[in-house]
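What follows is a single structure, written as structure tokens, with notes after it.
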Amino acid sequence: MTIEITNESGIDVDETVLLRLTENNLAELFVSPDADLAILLVDEGAMESLHVQWMDEPGPTDVLSFPMDELRPGTEDAPTPEGLLGDIVLCPQVAETQAQAAGHSTMDELILLTTHGLLHLLGFDHAEPAEEREMFALQRDLIVRFHAAERRRLKP
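Its first residue numbered 1053, the sequence shown is counted upward by one per residue in the numbering used here.
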């Protein structure tokens, strides 16, 4: 699996956490280890340009997802085939503002947004209430499992 992380935001972000998160989430969702994914962190100006161009909405947003091969989560017996998942674009400046409002760290917000973006790449949406319940429940479960894996990793 190739996960490429590029930080063009000007904000210092622990990319190793995002890498471990993404690897953990992809394993939990039984995505092929041969799938490829790119994560790009950009500043507010770049994110605003993308938001206007692709969503026709003003201002910067927190996360955008650009799926490529329309891969879906697999199962233990039938993992997702190899392919190109697509790109997740994050804006740490917007994440920082949202984190302050939510009362948690910017890294926690980036973990949430990265997981959210990955689920969009895998075909999840939240346009309808039932879809939102399913996607957000899975998002919470993945984040809880990641934090548990991180605690195990750090135990001596």
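Beta carbons are placed, not taken as given, at the ideal position from N, Cα and C, and that holds for glycine.
Remember, predicted model here, so these are calculated numbers, not experimental data.
Less than 8 Å between the CB atoms is what I'm expecting for residue i and residue j, so what's the real figure, rounded?
i            : j            : result
residue 1141 : residue 1104 : Incorrect: roughly 13 Å between the Cβ atoms, too far for contact.
residue 1056 : residue 1090 : 5 Å
residue 1174 : residue 1123 : 6 Å
residue 1166 : residue 1074 : 6 Å
Nearest by alpha-carbon distance to residue i: which of the options is it?
i            : options                   : result
residue 1118 : 1192, 1080, 1164 and 1176 : 1176
residue 1076 : 1170, 1093, 1136 and 1208 : 1170
residue 1194 : 1065, 1061 and 1079       : 1079
residue 1067 : 1163, 1096, 1127 and 1128 : 1163
residue 1065 : 1101, 1093, 1072 and 1081 : 1093
Check whether chain C comes within 8 Å of residue i, counting only Cβ atoms and requiring the distance to be less than that.
i            : result
residue 1104 : Annotation note: the requested chain C is absent from the structure, which comprises a single protein chain.
Roughly how many angstroms separate the alpha carbons of residue i and residue j, rounded to a whole number?
i            : j            : result
residue 1099 : residue 1148 : 14 Å
residue 1060 : residue 1110 : 21 Å
residue 1129 : residue 1150 : 39 Å
residue 1070 : residue 1178 : 23 Å
residue 1084 : residue 1146 : 31 Å
residue 1097 : residue 1126 : 36 Å
residue 1152 : residue 1063 : 16 Å
Within the stretch 1069–1113, ranges of the beta strand (DSSP E) (whole runs, at least 3 residues): 1088–1093
Those runs of the alpha helix (DSSP H) which lie wholly inside the stretch 1127–1184 and span at least 4 residues: 1144–1154 and 1158–1173
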